[in-house]
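Structure record follows, encoded as structure tokens.
2 protein chains.
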Amino acid sequence: MDAIDHQIISCLVADARASYAEIGNTVGLSAPAVKRRVDKLLDSGVLRGFTAVVDPEALGWGTEAFVEVHFGGNVTPAEIRSSLEPLAEVVAAYTVSGAADAIVHLRAASIHHLETALERLRAVDMVDRTVSTVVLSTLLERPPAPGGEG
Amino acid sequence: MDAIDHQIISCLVADARASYAEIGNTVGLSAPAVKRRVDKLLDSGVLRGFTAVVDPEALGWGTEAFVEVHFGGNVTPAEIRSSLEPLAEVVAAYTVSGAADAIVHLRAASIHHLETALERLRAVDMVDRTVSTVVLSTLLERPPAPGGEG
DNA sequence: GATGAAACTAGGTTGTG
DNA sequence: CACAACCTAGTTTCATC
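Below is the structure:
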């Protein structure tokens, strides 16, 4: 994990289908050298994989919301995870500090779809209360800048 | 944008470096046919591109927070966007309904780094008040399921 | 208009120094 | 890590339905 690895990761984040030769040209390495590093990064788990970036609107997932979920009683993160995993509308979920126990990021096709997703979320065992915040517009969405401070 | 396009998108979301032949094998098409469809999806904007999925911990970005931002006065989404864009720790930002004006997703290297990022966020013009929620653990993070209801 | 097969080109992969 | 050879995949063209 040296500076060149960070550059390679940057290239792949920018375009996961970039050729090794192209990346090598950017970072000053030969194509095979880049491949070996990428293989190592995949093997070590630094790179988890490669995915396509899709326009949610085009797929008919134009409605988003963040939901603070309050659980009743003692619930483990693992239990929360397994209870949320079956809900297709849940694109992300986090346990958090503060008043709520978890924040759930929902993506739905419409307000109506969002409502039914919320109903199913509230029907999940141990869910006590939810506070929904509907997304009006996405201002910014980007991968974390590689090699920040710290 | 028929059912096969959705299948192709699913394949690419699962693995952006999958070969056209492999995708074709899954969706029941030949490699050239898949390529033509992918080109069209890229051209039409349904597919925005391809990116690498990186482990934030491994890159030293292990601390996350969601911040509700309250703005003073009349601020346009475009103004919010351009004021947040320079902050490297901002990985996502949304205008939202409800009490807050925006939700900002921050990723930092440490609690200390998060603190400095919050200071810079609060120093942004027109930012009135912020309410931070620190992420304890990531339960789930996944792309939206293609072809939902709606 | 879109697909499938084949030919050609480019990139991925492995071995050697 | 670079170089070189080999092999696989991407790309284009053309014929077909």
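In the order they appear, the protein sequences are chains Y and E.
Take the position in the first sequence, starting the count at 1, then add 176; the result is the number in our numbering.
Take the position in the second sequence, starting the count at 1, then add 176; the result is the number in our numbering.
Virtual Cβ for every residue (Gly too), placed ideally from N, Cα, C.
Local Cβ density within 10 Å of G200 of chain Y, reported as buried at 16 or more and exposed below that: Here residue 200 of chain Y refers to the residue found at position 24 when the first sequence is read from its first residue. Result: buried.
Cβ of E317 of chain E within 8 angstroms of any chain Y Cβ: Your numbering for residue 317 of chain E matches position 141 in the second sequence. It does; some Cβ of chain Y falls within 8 angstroms.
Other residues of its chain near D181 of chain E: CB distance less than 7 angstroms, five sequence neighbours each side excluded: On the second sequence, position 5 is the one that residue 181 of chain E refers to. Closer than 7 angstroms at Cβ, skipping near neighbours: R213, L217.
Where H289 of chain E falls, given that 16 or more other Cβ within 10 Å makes a residue buried: Against the second sequence, residue 289 of chain E aligns to sequence position 113. Classification of H289 of chain E: buried, given that the 10 Å Cβ count is 16 or more.
M302 of chain Y and V251 of chain Y closer than 8 angstroms at C-beta: Locating residue 302 of chain Y in the first sequence gives position 126, counting from the first residue. Locating residue 251 of chain Y in the first sequence gives position 75, counting from the first residue. Yes. Within cutoff.
Whole-angstrom distance between S308 of chain E and A241 of chain E, CA atom to CA atom: Mapped onto the second sequence, residue 241 of chain E falls at position 65. Mapped onto the second sequence, residue 308 of chain E falls at position 132. Going from the Cα of A241 of chain E to the Cα of S308 of chain E covers about 7 angstroms.
Boundaries (first-last residue) of the beta strand (DSSP E) holding V272 of chain E: Counting from one through the second sequence, the residue named residue 272 of chain E turns up at place 96. Note, V272 of chain E: beta strand (DSSP E), 266 to 272.
Beta-carbon gap between A207 of chain Y and V222 of chain E smaller than 8 angstroms: As a working note, residue 207 of chain Y is residue 31 in the first sequence. As a working note, residue 222 of chain E is residue 46 in the second sequence. Result no, Cβ atoms of A207 of chain Y and V222 of chain E do not sit closer than 8 angstroms.
S195 of chain Y, buried or exposed, once every other Cβ within 10 Å from all chains shown has been counted against 16: Numbered from 1 along the first sequence, position 19 holds the residue referred to as residue 195 of chain Y. When all chains shown are included, S195 of chain Y counts as exposed.
Neighbour flag for P262 of chain Y against chain E, beta carbons, 8 angstroms: Walking along the first sequence from the start, residue 262 of chain Y turns up at place 86. No, no contact with chain E.
Closer than 8 angstroms to chain Y by CB, G249 of chain E: Mapped onto the second sequence, residue 249 of chain E falls at position 73. No, because no Cβ of chain Y sits closer than 8 angstroms to the Cβ of G249 of chain E.
Three CB pairs or more closer than 8 angstroms across the region 245 to 262 of chain E and the region 250 to 265 of chain Y: no
Cα-Cα separation between E317 of chain E and L282 of chain Y, rounded to whole angstroms: As a working mapping, residue 317 of chain E is identified with position 141 in the second sequence. As a working mapping, residue 282 of chain Y is identified with position 106 in the first sequence. For E317 of chain E and L282 of chain Y, the distance between alpha carbons rounds to 11 angstroms.
Whether T306 of chain E touches V210 of chain E by CB criterion (8 angstroms): For this step, residue 306 of chain E is matched to residue 130 along the second sequence. For this step, residue 210 of chain E is matched to residue 34 along the second sequence. Their beta carbons are not under 8 angstroms apart, which means T306 of chain E does not touch V210 of chain E by this criterion.
Local Cβ density within 10 Å of A299 of chain E, reported as buried at 16 or more and exposed below that: Numbered from its first residue, the second sequence carries residue 299 of chain E at position 123. Counting Cβ neighbours within 10 Å, A299 of chain E comes out exposed, since fewer than 16 surround it.
C-beta neighbour in chain E for T252 of chain Y, strict 8 angstroms: Taking the first residue of the first sequence as 1, we reach residue 252 of chain Y at position 76. No, T252 of chain Y does not count as interfacial toward chain E.
Option in Y:I184, Y:T239, Y:D191 with minimal Cα separation from G204 of chain Y: Here residue 204 of chain Y refers to the residue found at position 28 of the first sequence. Minimum Cα distance to G204 of chain Y is reached at Y:I184.
Proximity test, Cβ basis, 8 angstroms: V243 of chain Y and chain E: The count along the first sequence starts at 1 and reaches residue 243 of chain Y at position 67. Chain E contact via Cβ: absent.
Rounded separation between V280 of chain E and E291 of chain Y - CA only: Residue mapping note: residue 280 of chain E aligns to position 104 of the second sequence, counting from 1. Residue mapping note: residue 291 of chain Y aligns to position 115 of the first sequence, counting from 1. Answer to the nearest angstrom: the Cα atoms are 23 angstroms apart.
Cut-off 6 angstroms between Cβ atoms - residues of its own chain near F226 of chain E, not counting five sequence neighbours on either side: Numbered from 1 along the second sequence, position 50 holds the residue referred to as residue 226 of chain E. The residues are A192.
Reference G248 of chain Y, options Y:M177, Y:D277, Y:V310, closest by Cα: Within the first sequence, numbered from 1, the residue matching residue 248 of chain Y stands at position 72. Cα-wise, what sits closest to G248 of chain Y is Y:D277.
Beta-carbon neighbours of D231 of chain Y, restricted to chain E and to distances below 7 angstroms: By one-based count along the first sequence, residue 231 of chain Y stands at place 55. G221, V222, R224, listed in chain order.
Ranges of the alpha helix (DSSP H) found wholly within the region 210 to 272 of chain E, counting only runs of at least 4: 253 to 260
One or two residues paired with S313 of chain E in a DSSP bridge: Taking the second sequence and counting its residues from 1, one reaches residue 313 of chain E at position 137. Y:T271.
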